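Remember, our numbering sits 3 above the position in the sequence shown when you count from 1. Ideal Cβ placement from N, Cα and C applies to all residues, glycine included. Keep in mind it's a predicted model, so treat the numbers as computed, not measured.
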Amino acid sequence: MVVLTEHFKEAEKRLGFPKEAVELFEKIAKRIEKSEFFSAKFQAAKDQVLAQEHGRLDEALDKLSKLAILYGIKNYSLHMVFLLSLTEDVLARYREKGISEDIYWDSVMDLKYKFKECVECKECFGTFVAGWNSGFICLNRFALGRFQFEYTTWGGDDYTSSAGITVKKGDKTVGFHIPSSGVPLTDEVRLDSYKRAYEFFKDQRREDGLMIFECGSWLIYEDYKTFLPENSNTVKFINDFEIVSSEPRAKFNDAWRIFAKWGYRNPKKWPEDTSMRRAFKKFVLDGNKTGHGHGIIVFDGEKILK
């Protein structure tokens, strides 16, 4: 099989990987191509993922991790090579569905964010959350502006918003995620992303034309508003939502998202080189609990209804 295709190289270029990473990934790709056994196992993993409607990667990644040990390759690096090799297959699916290639490349850009996280947290070229990409492979998740959106349905109890809009179990919603792109969550950026999703996910709109966005994230835990500046982009983002639930967690398992590799260490050792890091460190060292929030946004195509 051919792993190091022109599209593979184009993806590396667009993602802006450093020279050292490109050399590593292409060296791994060539090793796969030169070994009949490695090549056959790698292709079988690809075929398995592409044959699934849901695009689940778990089983394939487990097999690849074993191959990584066998060939003396870091599994996070092999996982990235695997995902890069799938990008051309995903592009074919976009073309088949008539979805813009601009949206395709914006969605592929998530590999850049995951690469950066892997370097900062694991000090390795690759990705340590490769399974996350299932949603992109099966064309359920798309990058539309600042956020990534996906087809979802309301799984909780019936809920009536402050605007009098009731969401019932099984109703169509649009879930979304906040990639670590580094783009500030300004008012303009957030609204632009909501509008793009409103246009893209037309079949997820309600009969009254409204769209229900929902998000579950560590970033929209309500208590963060007690110590972050009121005019900060993070607080403004939290305020976009009507918070349905907000619960403290015993451990701050998402600390790495703010503190990178230091997030796995004692909070006393967390760096304080940004206002966000200083604020979260003080909050935690003062004995407060971080948490997780789940909220909805009722959107009419132009504005949030509250």
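Secondary structure note for Ala-43: it is in no beta strand (DSSP E), and the uninterrupted alpha helix (DSSP H) holding it is 39 to 54. Runs of the beta strand (DSSP E) lying entirely within the region 133 to 163, each at least 3 residues long, are 144 to 147, 150 to 156 in chain order. Taking 4 residues as the minimum length, the alpha helix (DSSP H) runs contained wholly in the region 204 to 257 are 236 to 243, in order along the chain. Under a 10 Å Cβ-count criterion, Phe-216 is classified as buried, with 16 or more other Cβ atoms of the shown protein chains found around its own Cβ.
One alpha carbon belongs to Asp-303, the other to Val-177, and they sit about 13 Å apart. Cα atoms of His-82 and Glu-210: separation of roughly 42 Å, rounded to the nearest angstrom. Judged by DSSP in its simplified three-state form, His-57 adopts coil rather than helix or strand. Positions of the alpha helix (DSSP H) runs, each at least 4 residues long and wholly inside the region 76 to 113, are given as 78 to 100, 104 to 111 in order along the chain. Nearest in C-alpha terms to Leu-308, of all of Asp-50, Ala-48, Gly-167, is Gly-167. Residue environment: Lys-37 is assigned as exposed (fewer than 16 neighbouring CB atoms within 10 Å of its CB, all protein chains considered). By a beta-carbon distance limit of 8 Å, Tyr-267 contacts Trp-259. Their separation comes to about 6 Å. Rounded to whole angstroms, the separation of the alpha carbons of Thr-189 and Asp-276 is 21 Å. Linking Cys-127 to His-295 through their CA atoms gives a straight-line distance of about 28 Å. Only exposed fits Gly-101, as fewer than 16 other CB atoms lie within 10 angstroms of its CB.
In this structure, the beta-carbon distance from Leu-87 to Phe-11 falls below 8 Å.
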